Amino acid sequence: MGPAAEIVDAEQHALDERVDRLLAAHNGDARAVIETLLLTADSRATRISFGYVRRRLTTAWRDPDGAI
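Numbering (my numbering), first residue to last: 781 to 848.
See below:
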């Protein structure tokens, strides 16, 4: 197995462990895991959006021609 395949395998293993921990935390309820992840993503998006509005976050790294 080449180095790239080993990296992918290690990353996949780490991701699988995270998924397993999330499922265990929600007693195997996949819907509860998805709801939690969606709420977390929505909360993060709101905080980031608020930061841009309040000029707390810089936009220098963004490509002005890129779609967001």
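Just so you know, even glycine gets a beta-carbon here, dropped at the ideal spot from N, CA and C. None of the values given here were measured: they were computed from a predicted structure.
What's the gap between the Cα of residue i and the Cα of residue j?
i	j	result
residue 789	residue 802	20 Å
residue 824	residue 815	14 Å
residue 827	residue 821	10 Å
residue 787	residue 795	12 Å
residue 809	residue 791	24 Å
residue 819	residue 800	19 Å
Which residues in the same chain as residue i place their Cβ atom closer than 6 Å to its Cβ, once the five residues preceding and following it in sequence are excluded?
i	result
residue 798	none
residue 806	812 and 813
Might you give, ordered along the chain, the residues of its own chain that have their beta carbon closer than 7 Å to the beta carbon of residue i, omitting 5 neighbours on each side?
i	result
residue 793	none
residue 804	none
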